[in-house]
Amino acid sequence: MTRAPPHSSESFCRRPISSVALWLLLAATGTAGQSPALPCNGKGHKPATGEKCICDDVLPQHGSYGYGGAECDMPIFGAVADGSDMTSGCQDRQCNFLQPEEWMCYSVPFANNKHETSWKYLTVQLSRLSEDDAGDPDLYGMFYGGDSAKPLEKATFSYDFRETSSSSHAQVVKKVKKSDVSATFDHQGVYLCIKAYGEVNLTYALRATLSDCPADFSAAGQQLLCSSPVDGDASQQRYTQCAPDGTCVCKPPYDKPVEDVYPLLGFEDCSAKTEAVTSAELSLAQPWSKEHEALGPKAWAFYSFDVTPDDYQIVANVAAELDTTCLEAGYFNLFAKYGQPPGWRYGEWDFRPEWDYFSERNKDIEVKFDASQPAWQLGKWFMGVNGDDSNTCKYTISISKYKCPMNCNNRGVCQVSDNGTRTCDCDKGFFGEDCASEAMHLEYGVPVSKQLANIEYDFFQLPDINPDMLTHSVEVRIRASYQSNGYGEWAAARPELLLLKGDLQSQPDTGNYTFKQVMQAQNTTYEIDLCPSQLKQGVWRAAIYNPMRIYKVGYNLTATKEGRCLNNCTGHGTCSEDAICHCQDNWTGGDCSVNAKGGCQPGSRKPMPMMEAHGTCWHECRCDGAGDCTYAEGDCADFTCDSAKWRRQPGKSVCVKDDCSRDQWVNSDSHNCLRKCECPADGSACSLAAACDPQHFVCKQGWQRFSNGQPKCFKPGCEAGSLQMAANRNVQNGQAFAVCTCTGEEKEDEELCTVGRDESAPVTLTCNQGYMLQGARTDQGSTVAVGGRCVRASRRRVWASVALTFCELALGGVCGAALLYLYEHRFKRSSVNAALYHELSMDTGF
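The sequence shown lines up with residues -33 to -1, 1 to 813 when you count with mature numbering (1 follows the signal peptide of the UniProt record, and there is no 0).
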């Protein structure tokens, strides 16, 4: 019997066909406008009672063809999962060639495989053979047969598993564990479907295998079991057997180094190896390294070593090697974990590289940790290297131990404190935790320029601040600008100019600075000014910080100092950068205001402090007709206040200090109100008004404003005539209650109605348990007992009460007996029982 081809007629129109077939095809398509298309694509039929197609041979035998899908437009080829390329049996129909959006499926019955239904793992490899990665073959898998089986269709969400990353990987491998699919797996086979996703045609190869242990495929399509070639010799075998639980029993160094390991690190399939680095190979005096280590895609390699009490810091580095098999330098990840091999998930590692998301990804990665960190422990540690996402790549790994941070980079001395803390005492010119940083020394007025370069920090040290600069009015100004090949308008970060007052070990950074200026725009000068009051002796360092190291940055930097001389040397000299007046001939004094010939310069002024007026009077130099010039000490040409908190009163040589500058809201227990800031017309000191503004006065909850509208509040208090507890009356063995009375007069911040205002007023008492009221009286015209005291109840009264209770019980019993006697003799009843109640209900009709 000849089986139908795997593709629909539309799918094969791209291939060479015979003239007869072409004629048949044209005949079919030529009448398409006159007659409807064949139902179910001509590859099945619809039952009379249904709308869904029943396709021809949805489970074709090995080497045969069938169709599936809602419209029978998904070709199926019968195949086996023996590790060979499934397309090799149907390439005469070009099943390994797909146009965009086309499908090709393969039916793999489990009974046709050597493991039949006893397999534990299904492993599928999809290889993209076409060079154009725009052609993206996607893998979709669906189990058939069994209670939960689903019909084959093109809706991708209905499939049981998928692998859709082949556009970025030439080979992808999908591993399916049977126990993860279902605890009661009863399927008889699996559809492996390939969909062409993309805009170009593609070719591909497809392999699958069923196994008891984890399997895989090499890039060349070689079948692997427990990461070992299936057809390899004993020296290539990484395992001894498959365990009953479906894991590989691995040989060293591929076995688990400790009992508890995280899943998916490669110890289940012998793909991860562990190398023990001995103390002879790695010590404070001897770093350890190993070259040309190869690691497959996403695979792991681990290295164990011991941390001893003499160790302070561990630094591990992985550098990718350029290798032809890797196409280009690969990317790796590096993690450290105490006591067991690390993983990449959170919680599975103690330390990892400090990723820099703004910089270009570095192919050399480093993990650094020391005894100052909480995760540090003595004992066995593991370094884990995780492979590149796509390629098998080579790398060099090194591990170093230090007794101080980076051994101070041989630029300082390691200092050990009494508590064990270790720090570096850096040589002159070097600084930082590990003495790795050094600063260029700036000179005032000498610009520094740098061309575009990949930098993070460039450090500079300002000239020393000498005592003369502190005693004079000297400003230090740092100016900077930058240029870059990046930093578009989209970038939130910008280069920064940092300035730090510290010590010889300090360096400015984004978390440690005294002043900072963000340089928002390129080729624009930004500056930090240190005014005289901010200058202090010590070490001042500046830094240019580039937050996005992926972009090159160039910059210009200049430090200058500018003197501010008193009175600007009164026009008779020049002010130097050290704030010293260099006076002209015949002039002297700190501000060149003193005439060397005597007298004073007309128009110059000298200060006269006036402590009681909180200011300074400036006497002006005036000359008489004879040309004799003196300061007019009886008159103030100007008057200045000693502090910014004071101001001169208009028209007077006196300074006043305002108590307020604006109206203020005040808050009390009873109200909130606005007190206005009042400034007298003569310019004297402003002060807050003593009283609240009636227009801005609000009583708080529980308080009421005076009925006459005054800005005052009173509390209504209790309800007049009500009985309230008298808290001010102390009663032994009880409580006092008094009548609430009102004064009738509203008083500020007081209650209008209160209890016990008159301590001599009568009160009503209630006694505690075990006490009784004695000596109370009832006034004429009242029903309320007042006065008295609470005394302990006597035993006689207690026994009398008990006796009275017993008497009441006895009397009740006698009355009950009399009623029963009357009932028996009057109605001739002999007993009171359930029958009595029954008869009563019959008599009464209830």
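Glycine included, each C-beta is placed from N, C-alpha and C at the ideal position.
Just tell me which of the options has its CA closest to the CA of residue i.
i	options	result
Ser97	Asp431, Pro76, Arg446, Ser134	Ser134
Ala210	Ile547, Gln450, Leu192, Lys142	Leu192
Ile364	Ala268, Lys519, Gln58, Glu258	Glu258
Ser451	Phe398, Ile517, Thr214	Ile517
Asp23	Ser31, Ala611, Lys10	Lys10
Met407	Thr390, Ser674, Leu429	Leu429
Gly521	Lys573, Pro574, Thr537, Ala447	Ala447
Arg444	Gly540, Met373, Arg531	Arg531
Gln504	Thr438, Tyr493, Gly737	Thr438
Gly396	Leu5, Thr16, Val506	Val506
Ala214	Ala201, Pro224, Pro230, Val225	Here residue 214 turns out to be Thr, not Ala, going by the sequence shown. It is Pro230.
Phe44	Asn374, Ser51, Tyr32	Tyr32
His663	Pro683, Asn675, Ser674, Cys640	Cys640
Lys335	Ser367, Gly346, Cys360, Gln736	Ser367
Glu248	Cys734, Ala338, Ala580, Tyr270	Tyr270
Ser404	Cys685, Asn377, Ser635, Gln418	Asn377
Asp236	Leu655, Lys144, Tyr598	Lys144
Gln487	Tyr454, Ser238, Ala137, Trp348	Tyr454
Asp114	Ala338, Asp153, Lys624	Asp153
Asn700	Gln741, Val665, Glu718	Gln741
Leu177	Ile495, Ala78, Arg629	Ala78
Pro299	Asn374, Val282, Arg319, Gln280	Reading off the sequence, residue 299 comes out as Phe, not Pro. The residue with the shortest Cα to Cα distance from Phe299 is Arg319.
Tyr374	Met575, Tyr279, Ser339, Ala460	At residue 374 the sequence reads Asn, which differs from the Tyr that was named. That would be Tyr279, whose Cα lies nearest to the Cα of Asn374.
Phe184	Asp716, Val140, Gly379	Val140
Pro118	Gly156, Asp337, Gln671	Gly156
Leu732	Gln616, Cys393, Leu690, Gly35	Leu690
Thr527	Gln474, Leu409, Pro341, Gln92	Leu409
Cys7	Glu288, Leu26, Glu242, Gly35	Gly35
Ala611	Asp337, Asp625, Leu786	Asp625
Ala656	Trp311, Thr16, Gln631	Gln631
Given that a residue counts as buried once 16 or more other Cβ atoms are within 10 Å of its Cβ, and exposed if not, what is residue i?
i	result
Val561	buried
Thr(-3)	With a pLDDT of 41 at Thr(-3), under the threshold of 50, the modelled position of this residue cannot be trusted; read the value that follows with caution. Counting Cβ neighbours within 10 Å, Thr(-3) comes out exposed, since fewer than 16 surround it.
Gly478	exposed
Arg759	exposed
Glu18	exposed
Arg174	buried
Pro678	buried
Asn697	exposed
Ser55	exposed
residue 820	Since the first residue shown for the chain is -33 and the last is 813, residue 820 is missing from the structure and cannot be characterised.
Leu467	buried
His586	buried
Lys13	exposed
Gly354	buried
Asn63	buried
His29	exposed
On the DSSP bridge list, what partners appear for residue i?
i	result
Glu333	Asn284
Pro574	Trp585
Ile364	Lys257, Val285
residue 848	Limits of the chain in this structure are -33 at one end and 813 at the other, which puts residue 848 out of reach.
Ile547	Answer by DSSP bridge pairing: none, since Ile547 is not bridged.
Lys117	According to DSSP, which records beta bridges pairwise, Lys117 is partnered with nothing at all.
Glu405	Phe397
Cys757	Leu740
Glu130	Leu106
Gln190	Phe184
Give me the Cβ distance between residue i and residue j, rounded to the nearest whole Å; I'm assuming they're in contact under 8 Å.
i	j	result
Tyr305	Gln344	5 Å
Tyr449	Pro462	5 Å
Gly566	Asp595	7 Å
Ile332	Val285	5 Å
Lys347	Asp273	6 Å
Against chain B, does residue i count as a neighbour if the rule is that its beta carbon must be under 7 Å from one of theirs?
i	result
Phe110	Judged by its chain identifiers, the structure shown contains no chain B, having just a single protein chain.
- prompt: How do the segment 33 to 41 and the segment 50 to 69 stand: do at least 3 beta-carbon pairs fall below 8 Å, yes or no?
  reply: no
field: Touching by the beta-carbon criterion (3+ pairs, under 8 Å), the segment 500 to 518 and the segment 421 to 436
entry: yes
message: Does the structure place the segment 100 to 114 close enough to the segment 158 to 173 that three or more beta carbon pairs sit under 8 Å?
response: A contact exists between the segment 158 to 173 and the segment 100 to 114.
task: Check whether the segment 598 to 614 touches the segment 642 to 649, taking contact to mean three or more Cβ pairs, one atom from each stretch, closer than 8 Å.
output: Touching, no.
field: Three CB pairs or more closer than 8 Å across the segment 374 to 389 and the segment 260 to 271
entry: Too few Cβ pairs lie closer than 8 Å, so no.
task: May I ask you to verify whether the segment 124 to 139 touches the segment 71 to 80, counting CB pairs closer than 8 Å and requiring at least 3?
output: No, because fewer than three Cβ pairs between the segment 124 to 139 and the segment 71 to 80 fall closer than 8 Å, the two stretches do not touch.
- prompt: Between the segment 577 to 585 and the segment 619 to 627, do three or more beta carbon pairs fall short of 8 Å?
  reply: yes
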